[in-house]
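Participant: Sharing a structure here in structure tokens format.
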């Protein structure tokens, strides 16, 4: 699962279809969610162009209940290739093996059908569809509800 990008000395997770190239680590208290996290570029295996980004957030708090412990985006021109699904599977392995996590939460907007299908395909449990509190930063971005999916690792 783990290899090194020797040119730039960055950690790379791979499933031989995609590579997750670590671009930064965020220390506890330094990011928006007040938990440590690791941010990756999503790339097609062996290529240098990013098709998206994802991150793993270690810890849980009220903020992350709505934002999730895994976040991802796939750039519009690269959608439809299951990159988010493959990235989440690699992040599940990382969460369990390196950080000792046994479960995690991923969220999506109820009307974001591609993301919702991805989360369903990952075999999580839809715990609830909840209203986002008005003082949460996601609400300020227009996210008023979230599907809360839980995954046993």
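In the working numbering, the protein residues as written are 2 to 154. Glycine included, C-beta positions come from ideal geometry on N, C-alpha and C. The structure displayed is predicted, hence computed values, not measured ones.
1. So, helix, strand or coil for residue 26, using DSSP?
2. Spatial neighbours of residue 123 within its chain, please: CB distance less than 6 Å, with the 5 preceding and 5 following residues excluded, ordered by chain position.
3. Which stretch, first to last residue, makes up the beta strand (DSSP E) that contains residue 105?
4. Do residue 53 and residue 85 have their beta-carbon atoms positioned less than 8 Å apart in this structure?
5. Short check: CB of residue 57 to CB of residue 70, under 8 Å?
6. So, for residue 39: in the same chain, excluding its five sequence neighbours on each side, which residues have a beta-carbon less than 7 Å away from its beta-carbon?
7. For the alpha helix (DSSP H) that contains residue 73, what are its first and last residues?
Facilitator: On the basis of the data shown:
1. strand
2. 89
3. 104 to 109
4. yes
5. yes
6. 23, 26, 56, 57
7. Careful: residue 73 lies outside any alpha helix (DSSP H), inside the beta strand (DSSP E) at 71 to 75.
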